[in-house]
Every structure is written in structure tokens, then in C-alpha cells.
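Residue numbers (the numbering used here), protein chains in the order written: chain W, 204 to 441; chain F, 204 to 441.
There are 2 protein chains.
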Amino acid sequence: MSLEPHIATVFDRDLESVQAQIMTMGGLVEAAILDAAQALEMRDEELAEKVRQADAAIDAIEAQVQADCARLLALRSPTASDLRTVLTVMKIAAALERCGDYAKNLAKRSVVLTQMAPVGGTAGTLRRMAKTVQLMLKDALDAYIARDAGLAEEVRQRDRDVDQMYNGLFRTLLTHMMEDPRNITAAMHLHFIAKNLERVGDHATGIAEQVIYLVKGSLPEEARPKADLTDSLTGADL
Amino acid sequence: MSLEPHIATVFDRDLESVQAQIMTMGGLVEAAILDAAQALEMRDEELAEKVRQADAAIDAIEAQVQADCARLLALRSPTASDLRTVLTVMKIAAALERCGDYAKNLAKRSVVLTQMAPVGGTAGTLRRMAKTVQLMLKDALDAYIARDAGLAEEVRQRDRDVDQMYNGLFRTLLTHMMEDPRNITAAMHLHFIAKNLERVGDHATGIAEQVIYLVKGSLPEEARPKADLTDSLTGADL
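So, in C-alpha cells, the structure goes:
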């Protein structure tokens, strides 16, 4: 029996460690998105502040993942699918870090919005949208861990729902702004929140596509499904 | 004399090749940003269409850079500063690809906006903002090639100007929307364009920070300068 463990075992152990960090990070990001949306709906400044502070922990894990992956590349010189996996982990960490930023931004805006009158039932719609993208993130990460291309494909398809929710909100907010100009500032913030949640959906979809690439060796052939809204007057689908 | 070139030479040659691609990509992205802003101001749908089509070329170079970098990691197993350089190149390529997406989105919105009345002189302001972030991108890439931490630091400082331009536009657009609700839809698009240009500035700053990290081995100590606007009523600085 060799004293030196097999190189693949060492690599696998290192990989498991960074994957565990990714899952921790994912959990924090998911909680931040839900908490931020709840802070918005309930006008809960304390919860918003908690989300803002949690972002530092997310950023710290991301930095650690990137450093650990760089060390893994330097020490283990992985090739082929091992290399692809490390690069995928780095991309997932970067995507999660961005999603954490969006949650933090949502929390900041929710505090600003406590100074203003609510705009219809848009905060509730945004909470449902947040729940949808949080589940997409969760499933994309689960698909990564299980190397489940089927689940990843399902996440990709769900991005269409998020785009439709965003388009609906865009129109609703326009209506509220036109009906009462006092809604304009609040509606601008709500619109940005909607756009940021839609971006979280895009990142979840990006992670899902990475999983498909990892499992199948190629990216999905058809173009990503997009809600077929080409209304050039409002251009809500931009 | 060895028939095998020194490993460092091979690495350097490969690196030069991907760096050349990065510079080509940077040139295309810079042109796309300026063209898109001009298409907006001149209501030039043909130019906007050109920008939309150019994005495919930018995406193709990015995919090539990522593939070449992965090959470089697999074949050359770089360590220490060589590894850091390859990872930096991958990050720069991803950032440029995102900036290309922003230019394409600007071009799409400029076409939608030809259907609507101009909103004050905001298209001109956006063109100046586009010029500012294009120069930041250019200087960040030049700083990378020259490993010039001084120039990179200068780029970082200029991000503050972009934030101020954005904050000014946010307020101007709010005023136009409140004065005349018919401006609302156009102003929403112009606001997104402003936000996207500000994001290009953020990406240029991110590239500059990567350069500083590459040269000095650590990220800048002080937090990134942010325009000190904490106006919690409009929250323009979010």
C-alpha cells in the first residue's frame, strides 16, 4: 500500500471541499433573496439590514472559492473533465456572488421604498418572482452536485416564466406611473428590483447551462427559450 | 541547442495569442458602445442593427479565449504568476463579453426609442457617458497589456465620474417623467441605458482592479471610491 494517496483522490477531496463551500454560498444567497423580498413586502428595515450585512459573508466565501480553485489548478494540474469542473466551480461562484449583490441591492432599495407609498400589489408580485428565481438557483445547484442534466434543462425552461413575470410587471408599473406621477420614483425602484430578480434567473440559467455542458460536453443546441414578446412599443422584453 | 523550446517560451507565445484576441475583442466592444450611443442620439436604426450583429463576433471571440485558456491550463499547467495571468485573461474576456451585451441592449433600446419623442437632451448626455466608459475600458486594457498599475488606478478613480453622471441623469429623467407622463416609457428605457453604461464603467473598474492585483499581488486596500450620494429619498446611487 502506497503512503501517497492516488492523485485523483486528492483532487476529489479538494473538489469536495470547494463544492461544499459553493453549497454554503448558495444557501446564503437563496436566503438573502427571499429575505430581501420579504423585507420589501413587509417594510422590514431590520431584515433589510440583515441582508446587507450577510453580503460580506457571501463575498468572503467567493474569494475563498476562487483562491482554492487557483490553488487546485496550480497543485493538481487537472486536465480534461477535472479541469472543466474546476473552471465551472469558479464560474458558479462568480454567478452566486453577483446574485448576492442583487439581493443586497434589493434590500437597499426596500429601505428607500419604506419612505414612499406602496405601488399597487407590486411588492407581492416581486416576492413571488423572488421565490421563483430562488428555486431556480437551488435546483441549478442541486443539478450541479448530482450532475443532473435533466433538472438543469428544466431550470433553463423555467427562465421563460421569469421573463413573463418581468414583462407583466414592467407594464403594471408603467400604468401606475402614468396614473399617478407621485408613484414614479417608487416605481423606478420597483422596476430595478424586477430587473435584478430577472438577472438572478439568468444567472441560475447560466449555472444550469454549465451543468449541461459538464455532463454532455456541449452547450444546449437550441437557443435559450425566450418569452416571445417583441412588442416594439414598450420593448418590455429588453 | 535543444529542439524543444523552453516551456516558458511556449507559454508566453500562447499567452500572447490570447492577449491579442482580448485586444481585438476590446476594440470591438469599444466600437459597439460608441456606435450604439451614436445610433441612439442620431436615431440611426441601421447603425443600431450593425451593433446588434457585431455582438455575435464578440461572443465568438470570448468562447475562443475561454477555450484557449482552458487548453493553456491543461497543456502548460502554469503556476504562480503565470496561472494568475491566465485566470485574469479569462475574467477580462467574461467582462468584455458582458459589456458587449450592454452595447447590444443599448442598440435594441435605441430602435424602440425611435418610435418615441426625445426626452430633453438626455441622448447627448448618454453619448458623453458612453465615451467616458469606452475610454475607461480602453485604458484598463492598455493598463493590462503594459502591466501599468498607475494607469489602472486612474481608471478606478474615473468610475466616480461615471457614477455622478448616472446620478445626474436619474434625477433629470425623474423630472421629465413627472412633468409629462408621455415621457415615462421613453425615460424608463433611457434610465436602463444609463444604468447599463454605468455597469460598463464597473466592468472597466473590475478589469483595472485585476491589473493592480496582477502587478502588486493584492487588491487595492481602500474600498472602491463611490460618489458620496446617500440621498435616501431618491436613492439614485443604488
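The C-beta atom is built at its ideal place from N, Cα and C for all residues, glycine as well. Nothing here was measured: the structure is a model prediction, and the numbers come from that model.
Next on the checklist: Is Ser313(F) close to chain W? Criterion is C-beta to C-beta, closer than 8 Å.
Outcome noted: Numbered from its first residue, the second sequence carries residue 313(F) at position 110. For Ser313(F), the answer is no, since every Cβ of chain W falls outside 8 Å of its Cβ.
Checklist entry - For a contact meaning CB atoms closer than 8 Å, what does Ile387(F) contact in chain W? => result As a first step, residue 387(F) is located in the second sequence; it is residue number 184 there, counting from the start. The contacting residues are Leu377, Met380, Met381, Ile387.
Next on the checklist: Against Pro286(W), what residues of chain F qualify as contacts under a CB-to-CB distance less than 8 Å, listed in chain order?
Outcome noted: What you label residue 286(W) is simply residue 83 of the first sequence in a count that begins at 1. Here the sequence assigns Leu to residue 286(W), which means Pro is not the residue at that position. Neighbours of Leu286(W) on chain F, chain order: Ala273, Leu276, Ala277.
Next on the checklist: Helix, strand or coil for Val418(F)? Go by DSSP, reduced to three states.
Outcome noted: Taking the first residue of the second sequence as 1, we reach residue 418(F) at position 215. Helix.
Item to check | C-beta neighbour in chain F for Thr282(W), strict 8 Å | outcome: For the purposes of this step, residue 282(W) is taken as residue 79 along the first sequence, with counting starting at 1. True, the Cβ-Cβ gap to chain F drops below 8 Å.
Item to check | Whole runs of the alpha helix (DSSP H) within the segment 338 to 396 of chain F, excluding any shorter than 4 residues | outcome: 352 to 382
Next on the checklist: Between which two residues does the alpha helix (DSSP H) holding Arg279(F) run?
Outcome noted: Translated into positions along the second sequence, residue 279(F) becomes position 76. Looking at the DSSP string, the run of the alpha helix (DSSP H) that includes Arg279(F) is 248 to 279.
Item to check | Cβ contact (3+ pairs, closer than 8 Å) linking the segment 272 to 282 of chain W and the segment 276 to 291 of chain F | outcome: yes
Item to check | Inter-residue spacing [alpha-carbon to alpha-carbon] between Ala310(W) and Ala251(W) | outcome: Walking along the first sequence from the start, residue 310(W) turns up at place 107. Walking along the first sequence from the start, residue 251(W) turns up at place 48. If I take the Cα positions, the gap works out to 5 Å.
Checklist entry - Does the beta-carbon of Ser205(W) have 16 or more other beta-carbons within 10 angstroms, so that it is buried, or is it exposed? => result As a working note, residue 205(W) is residue 2 in the first sequence. Only weak support is given to the placement of Ser205(W): the predicted model assigns it a pLDDT of 48, under 50, and the question is left unresolved by the model.
Checklist entry - Among residues of its own chain, excluding the 5 on either side of Glu401(F), which ones have a beta-carbon nearer than 7 Å to its beta-carbon? => result Counting from 1 along the second sequence, the entry for residue 401(F) is found at position 198. Closer than 7 Å at Cβ, skipping near neighbours: Val365, Asp366, Tyr369.
Checklist entry - Just how far apart, CA to CA, sit Glu308(F) and Leu393(F)? => result Mapped onto the second sequence, residue 308(F) falls at position 105. Mapped onto the second sequence, residue 393(F) falls at position 190. This sequence places Asn at residue 308(F); Glu is not what is there. Rounded to whole angstroms, Asn308(F) to Leu393(F) spans 11 Å at the Cα level.
Checklist entry - Got a sec: is the Cβ-Cβ distance from Pro321(F) to anything in chain W below 8 Å? => result Here residue 321(F) corresponds to residue number 118 of the second sequence, with the count starting at 1. No, its Cβ sits nowhere closer than 8 Å to a Cβ of chain W.
Next on the checklist: Using 8 Å as the cut-off, can you tell me whether the segment 322 to 341 of chain F makes contact with the segment 256 to 272 of chain F, which would need three or more C-beta pairs spanning the two stretches below that distance?
Outcome noted: no
Item to check | chain F contacts from the segment 393 to 423 of chain W (Cβ-Cβ distance under 9 Å) | outcome: His394, Phe395, Lys398
Checklist entry - For Arg330(F), is the classification buried or exposed, using 16 other Cβ atoms within 10 angstroms of its Cβ as the cut-off for buried? => result By one-based count along the second sequence, residue 330(F) stands at place 127. By the 10 Å Cβ count, Arg330(F) comes out buried.
Next on the checklist: Quick check: what's the CA-CA separation for Leu299(W) versus Leu377(F)?
Outcome noted: Translated into positions along the first sequence, residue 299(W) becomes position 96. Translated into positions along the second sequence, residue 377(F) becomes position 174. Taking the straight line from one Cα to the other gives about 32 Å.
Next on the checklist: Please tell me whether Gln269(W) and Ala296(W) are closer than 8 Å, where the distance is taken between their beta carbons.
Outcome noted: Mapped onto the first sequence, residue 269(W) falls at position 66. Mapped onto the first sequence, residue 296(W) falls at position 93. Against a cut-off of 8 Å, the Cβ pair of Ala296(W) and Gln269(W) comes out as a contact.
Next on the checklist: Quick check on Asp271(W): buried or exposed, where buried means 16 or more other Cβ atoms within 10 Å of its Cβ?
Outcome noted: The residue labelled residue 271(W) in the question sits at position 68 within the first sequence. Its Cβ being crowded by 16 or more others within 10 Å, Asp271(W) is buried.
Item to check | For Arg363(F), the nearest candidate out of Thr408(F), Ala352(F), Ser284(F) (CA to CA) | outcome: Within the second sequence, residue 363(F) is the residue found at index 160, counting from 1. Out of Thr408(F), Ala352(F), Ser284(F), Thr408(F) has the C-alpha closest to the C-alpha of Arg363(F).
Item to check | Nearest-angstrom Cβ-Cβ length linking Lys419(F) and Ala352(F), presumed shorter than 8 Å | outcome: Here the question's residue 419(F) lines up with position 216 in the second sequence. Here the question's residue 352(F) lines up with position 149 in the second sequence. Indeed, because the Cβ distance is near 6 Å, the residues count as touching under 8 Å.
Item to check | Same chain, Cβ closer than 7 Å to Asn399(F), five either side skipped, listed in chain order | outcome: Residue mapping note: residue 399(F) aligns to position 196 of the second sequence, counting from 1. Excluding sequence neighbours, Asn399(F) sits near Tyr305, Asn308, Leu309.
Checklist entry - What is the rounded straight-line gap between the Cα of Gln222(F) and the Cα of Arg385(W)? => result Along the second sequence, one-based indexing puts residue 222(F) at 19. Along the first sequence, one-based indexing puts residue 385(W) at 182. Their backbone Cα atoms lie some 51 Å apart in a straight line.
Next on the checklist: Report the CB separation of Leu372(W) from Thr288(W) in whole angstroms; it is logged as a contact under 8 Å.
Outcome noted: Position 169 of the first sequence holds residue 372(W). Position 85 of the first sequence holds residue 288(W). With 8 Å as the limit, Leu372(W) and Thr288(W) do not qualify as a contact, their Cβ atoms being about 37 Å apart.
Checklist entry - Any idea if Ala160(W) is buried or exposed, counting beta-carbon neighbours within 10 angstroms, 16 or more meaning buried? => result One cannot answer for residue 160(W) here, as it falls past the ends of chain W, which runs 204 to 441.
Item to check | C-beta atoms of His406(W) and Arg301(W) nearer than 8 Å | outcome: Taking the first sequence and counting its residues from 1, one reaches residue 406(W) at position 203. Taking the first sequence and counting its residues from 1, one reaches residue 301(W) at position 98. Contact flag set, yes.
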